[in-house]
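There are 2 protein chains.
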Amino acid sequence: MTDLSDVESIIESSLTVSSAEEVHSLCSKLCQLLGFEYFLYGSQFPTSFVNPEYVIISGFPEDWWAHYNTQGYMAIDPTVLHCTTRVVPLRWEDITPDKTGAGKLVHKFMSEAWDFGLRTGASFPVHGRNGEAAIFSLVSNEDNNSARGMVLENLAIGQLLSGYIHEAVRRIIVDGESTIPKVQLTERERECLTWAAEGKTAWETSQILNISERTVIFHLQNAAQKLQVTNRPQAVARAVSQQLITPQLGRS
Amino acid sequence: MTDLSDVESIIESSLTVSSAEEVHSLCSKLCQLLGFEYFLYGSQFPTSFVNPEYVIISGFPEDWWAHYNTQGYMAIDPTVLHCTTRVVPLRWEDITPDKTGAGKLVHKFMSEAWDFGLRTGASFPVHGRNGEAAIFSLVSNEDNNSARGMVLENLAIGQLLSGYIHEAVRRIIVDGESTIPKVQLTERERECLTWAAEGKTAWETSQILNISERTVIFHLQNAAQKLQVTNRPQAVARAVSQQLITPQLGRS
DNA sequence: CTAATCACTGTAATTTCTGACAGTCGTCCG
DNA sequence: CGGACGACTGTCAGAAATTACAGTGATTAG
């Protein structure tokens, strides 16, 4: 079992790191601490549905990672699939592809990973406040009961620390320089977008907010400009996926 | 430290529970196991931005919970605020409202909670695959260092189990009967919605997909009907928030 | 005080969306 | 084989959104 003070120290470090390199070494440290050889952090920010932004911090063997990318394995990786759809960790031993059709590819993928030293591990999903999805994997190159026991023992710690790692990345990447823009909407812009997302026309929204239809259009146009989008459906999609508008608390 | 086999048994139970009552007793069990007196599970499903669906499973003192609701405390509850914006647990001892303005209300709120026996605890955020946000709180009525130590020790376990609880609720509520409908879109409907969410007009989408503009409109109308919405922005908003359309893997 | 920001309003031309009409073609399943 | 379903296409009228024009008034930060 891992020492509580070590975990606390990693949490504290995660709150102060300020570059991707520091996150990398922090991950390495926690990886070692928990007894694993390899790690991988990856996240996807919903800046666009067709070309989302990715942030990858890899502690996987370089040749495997290169192979993974040239083969486009992300599309079939069962850990990625799990982490985009679930909120609980995936123990790699629980991956059981069927031998037919798509399962065959997954089988090949996993045996290749095994050959590169990625043998026993767990993947932790993190879903963030801005609609981003992240995965953090911890992997051992042992393939035995002791390694599997280690995975089980660290399931909770791994899930907890994945959250802190993700928030560190988020702070550095999104709130920092980055290609991922930070958009500040005004109260009115949010209101108008919310009602648009609710299916109201500009005129209907104007009745709800007791302002003129023209003003509603004005706010929606300003919002669209800030979001760098060209029309209302796209503005609504961005606002929703970046969680600039969220279901109101305390209603219903 | 909690026994690993107890945690495993709770995880297993979470996979088979089939009613809200069973979830309640499962939560009670884990609450006791970790040494707490009270729990609360709450989640919000983004079925609508104005009237979201709530699922509450309360193991809080009844009179406090009634008071909480009549006062509309959800809007100011710092644990709710934390869990809607963060992905890591909140230790209640870290809540430090300023004494000015809104902080004053929070202060009042917390001292009232203390009076009802809610004194030391932690709240765990869970963000789900369909844009839903959940909070799981574990609370002790002790207010001393041993209780605070207990919170710290169970931070990882609590975060892990919150995920399993949430998935159990999700399975029962959303995939079961429920007021939250499960929508199945066809491939074409998803494609058309995705491009609409990218800001493409029906005509532009028709060029991308090599079909007629009329057909794109047709698919969008069918999607809107399935989603029970009245126009395109709303259809896009629903599809995004229910993650019926998601950023494509392996691009960018 | 000045500049910036936000909330607000109007007109007019053009494009896009919505809704209601009416169909074809192919596949899968009982 | 018949029925259900998905993908596909067309026209037309009315409603809504987009773009571009041109402003007012209030508040706030430097």
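Here the protein sequences come in this chain order: W and L.
Residue numbering for the first sequence follows this note's numbering, starting at 1144 and increasing by one per position.
Residue numbering for the second sequence follows this note's numbering, starting at 1144 and increasing by one per position.
Backbone N, C-alpha and C fix where the C-beta goes; we use that ideal spot for every residue, glycine too.
Next on the checklist: Among the candidates L:Gly1185, L:Glu1334, L:Val1193, whose CA atom is the shortest distance from the CA of valine 1166 of chain L?
Outcome noted: Taking the second sequence and counting its residues from 1, one reaches residue 1166 of chain L at position 23. Looking at the Cα atoms, L:Gly1185 is the closest of the given residues.
Item to check | 8 Å Cβ cutoff, isoleucine 1300 of chain L in contact with chain W | outcome: Here residue 1300 of chain L refers to the residue found at position 157 of the second sequence. Yes, because at least one Cβ of chain W sits closer than 8 Å to the Cβ of isoleucine 1300 of chain L.
Item to check | Contacts that glutamine 1385 of chain L makes with chain W (C-beta to C-beta distance below 9 Å) | outcome: If you number the second sequence from 1, residue 1385 of chain L lands on position 242. Those do not exist, as glutamine 1385 of chain L stays about 10 Å from chain W at its closest Cβ, beyond 9 Å.
Item to check | Endpoints, the alpha helix (DSSP H) within which glycine 1306 of chain L is located | outcome: Translated into positions along the second sequence, residue 1306 of chain L becomes position 163. Looking at the DSSP string, the run of the alpha helix (DSSP H) that includes glycine 1306 of chain L is 1298-1316.
Next on the checklist: Taking CB distances under 8 Å as the criterion, tell me whether arginine 1375 of chain W reaches chain L.
Outcome noted: Stepping through the first sequence from its first residue, residue 1375 of chain W is reached at position 232. Chain L contact via Cβ: present.
Next on the checklist: Using C-beta distances below 6 Å, list every residue in its chain close to serine 1384 of chain L, excluding the 5 sequence neighbours before and after it, in chain order.
Outcome noted: Counting from one through the second sequence, the residue named residue 1384 of chain L turns up at place 241. Around serine 1384 of chain L: Pro1189, Gly1274.
Checklist entry - Quick one: what does DSSP say leucine 1281 of chain L is sitting in, helix, strand or coil? => result Within the second sequence, the letter at position 138 stands for residue 1281 of chain L. Note: leucine 1281 of chain L maps to strand in three-state DSSP.
Item to check | Residue environment, glycine 1306 of chain L, which counts as buried when at least 16 other CB atoms sit within 10 Å | outcome: Residue numbering aside, residue 1306 of chain L sits at position 163 when the second sequence is read from its first letter. By the 10 Å Cβ count, glycine 1306 of chain L comes out buried.
Checklist entry - Do you know how far the Cα of phenylalanine 1203 of chain W is from the Cα of glycine 1215 of chain W? => result For the purposes of this step, residue 1215 of chain W is taken as the residue at position 72 of the first sequence. For the purposes of this step, residue 1203 of chain W is taken as the residue at position 60 of the first sequence. The straight-line gap from Cα to Cα measures roughly 16 Å.
Next on the checklist: Along the segment 1181-1194 of chain W, where does the CB come closer than 9 Å to a CB of chain L? Name the residues.
Outcome noted: Gln1187, Phe1188, Pro1189, Thr1190, Ser1191, Phe1192, Val1193, Asn1194
Next on the checklist: Under 8 Å, Cβ to Cβ, is there at least one residue of chain W near histidine 1210 of chain L?
Outcome noted: As a position in the second sequence, residue 1210 of chain L is number 67, starting the count at 1. Chain W, which has no Cβ nearer than 8 Å to the Cβ of histidine 1210 of chain L, makes this no.
Checklist entry - Do we get a CB-CB distance below 8 Å when we pair threonine 1337 of chain W with the residues of chain L? => result Counted from its first residue, the first sequence places residue 1337 of chain W at position 194. By this cut-off, threonine 1337 of chain W is an interface position.
Item to check | Distance between asparagine 1194 of chain W and glycine 1393 of chain L (C-alpha atoms, nearest Å) | outcome: Counting from one through the second sequence, the residue named residue 1393 of chain L turns up at place 250. Counting from one through the first sequence, the residue named residue 1194 of chain W turns up at place 51. Because glycine 1393 of chain L carries a pLDDT of 49, less than 50, the predicted location of this residue cannot be relied on, and no value is offered for it.
Checklist entry - Does the Cβ of proline 1376 of chain W have 16 or more other Cβ atoms within 10 Å, making it buried, or fewer, making it exposed? => result On the first sequence, residue 1376 of chain W is found 233 positions in, with the first residue counted as 1. Classification of proline 1376 of chain W: buried, given that the 10 Å Cβ count is 16 or more.
Item to check | Span separating the alpha-carbon of histidine 1250 of chain L from that of cysteine 1335 of chain L | outcome: As a first step, residue 1250 of chain L must be located in the second sequence, where it is residue number 107. As a first step, residue 1335 of chain L must be located in the second sequence, where it is residue number 192. About 49 Å.
Next on the checklist: Within the continuous beta strand (DSSP E) that includes valine 1160 of chain W, where are the two ends?
Outcome noted: Start at 1 with the first residue of the first sequence, and residue 1160 of chain W comes out as number 17. Valine 1160 of chain W -> no beta strand (DSSP E), and no H or E assigned at all.
Checklist entry - Hey, would you say isoleucine 1300 of chain L sits closer than 8 Å to threonine 1145 of chain L, going by beta carbons? => result The residue given as residue 1300 of chain L occupies position 157 in the second sequence. The residue given as residue 1145 of chain L occupies position 2 in the second sequence. Yes, Cβ-Cβ distance for isoleucine 1300 of chain L and threonine 1145 of chain L is below 8 Å.
Checklist entry - If you follow the alpha helix (DSSP H) that serine 1349 of chain L is part of, which residue opens it and which one closes it? => result The residue labelled residue 1349 of chain L in the question sits at position 206 within the second sequence. Start and end: 1345-1352.
Next on the checklist: Just to make sure I have the definition right: I need the residues of chain L whose C-beta is within less than 8 Å of the C-beta of alanine 1163 of chain W. Which are they?
Outcome noted: For this step, residue 1163 of chain W is matched to residue 20 along the first sequence. Those do not exist, as alanine 1163 of chain W stays about 17 Å from chain L at its closest Cβ, beyond 8 Å.
Next on the checklist: I need the DSSP call for serine 1266 of chain L, collapsed to helix, strand or coil.
Outcome noted: For this step, residue 1266 of chain L is matched to residue 123 along the second sequence. Serine 1266 of chain L: strand per DSSP, three-state reduction.
Item to check | Nearest neighbour of valine 1198 of chain L, chosen from L:Arg1229, L:Leu1177, L:Cys1174, L:Ala1163 [CA to CA] | outcome: Residue mapping note: residue 1198 of chain L aligns to position 55 of the second sequence, counting from 1. Out of L:Arg1229, L:Leu1177, L:Cys1174, L:Ala1163, L:Ala1163 has the C-alpha closest to the C-alpha of valine 1198 of chain L.
Checklist entry - Since leucine 1248 of chain L meets chain W, which of its residues come closer than 7 Å, beta carbon to beta carbon? => result Taking the first residue of the second sequence as 1, we reach residue 1248 of chain L at position 105. Within chain W, no residue comes near leucine 1248 of chain L; the closest Cβ sits about 14 Å away, beyond 7 Å.
Next on the checklist: Can you tell me where the alpha helix (DSSP H) holding glutamate 1341 of chain L begins and where it ends?
Outcome noted: For the purposes of this step, residue 1341 of chain L is taken as residue 198 along the second sequence, with counting starting at 1. No alpha helix (DSSP H) contains glutamate 1341 of chain L, which DSSP labels as neither H nor E.
Checklist entry - If you drop the 5 nearest sequence neighbours on each side, which residues of the same chain put their C-beta closer than 7 Å to that of arginine 1357 of chain W? => result In the first sequence, the residue the question calls residue 1357 of chain W occupies position 214. None.
Next on the checklist: Taking DSSP's pairing of strands, which residues face glutamine 1371 of chain W in a bridge?
Outcome noted: Mapped onto the first sequence, residue 1371 of chain W falls at position 228. DSSP output for glutamine 1371 of chain W lists no bridge partner at all.
Checklist entry - Among residues of its own chain, excluding the 5 on either side of phenylalanine 1259 of chain L, which ones have a beta-carbon nearer than 6 Å to its beta-carbon? => result Taking the second sequence and counting its residues from 1, one reaches residue 1259 of chain L at position 116. Counting only Cβ-Cβ distances below 6 Å, and skipping sequence neighbours, we find Pro1204, Trp1207.
Checklist entry - In whole angstroms, what is the alpha-carbon distance linking valine 1294 of chain L and glutamine 1364 of chain L? => result Indexing the second sequence from 1 puts residue 1294 of chain L at position 151. Indexing the second sequence from 1 puts residue 1364 of chain L at position 221. Each residue's Cα considered, the two are about 51 Å apart.
Checklist entry - Taking all protein chains shown into account, do 16 or more other C-beta atoms lie within 10 angstroms of the C-beta of serine 1349 of chain W, making it buried, or fewer, making it exposed? => result Taking the first residue of the first sequence as 1, we reach residue 1349 of chain W at position 206. Per the 10 Å Cβ criterion, buried.
Item to check | 3 or more residues per run - each beta strand (DSSP E) lying fully within the segment 1169-1197 of chain L | outcome: 1181-1188
Checklist entry - Buried or exposed: lysine 1247 of chain L, going by 16 or more other Cβ atoms within 10 Å of its Cβ? => result To locate residue 1247 of chain L, count along the second sequence from 1; it is residue 104. So lysine 1247 of chain L ends up on the exposed side.
Next on the checklist: Let me see if you follow: with CB-CB separation under 8 Å, is leucine 1303 of chain W close to chain L or not?
Outcome noted: Counting from 1 along the first sequence, the entry for residue 1303 of chain W is found at position 160. True, the Cβ-Cβ gap to chain L drops below 8 Å.
Checklist entry - Interface residues of chain L around isoleucine 1388 of chain W at Cβ under 9 Å? => result Here the question's residue 1388 of chain W lines up with position 245 in the first sequence. Those are Phe1192, Ala1380, listed as they occur along chain L.
Next on the checklist: Strictly below 9 Å CB to CB, what residues from chain W border glutamate 1155 of chain L?
Outcome noted: Against the second sequence, residue 1155 of chain L aligns to sequence position 12. Those do not exist, as glutamate 1155 of chain L stays about 12 Å from chain W at its closest Cβ, beyond 9 Å.
Item to check | Touch test, the segment 1229-1236 of chain W against the segment 1173-1182 of chain L, Cβ-Cβ under 8 Å, three pairs minimum | outcome: no
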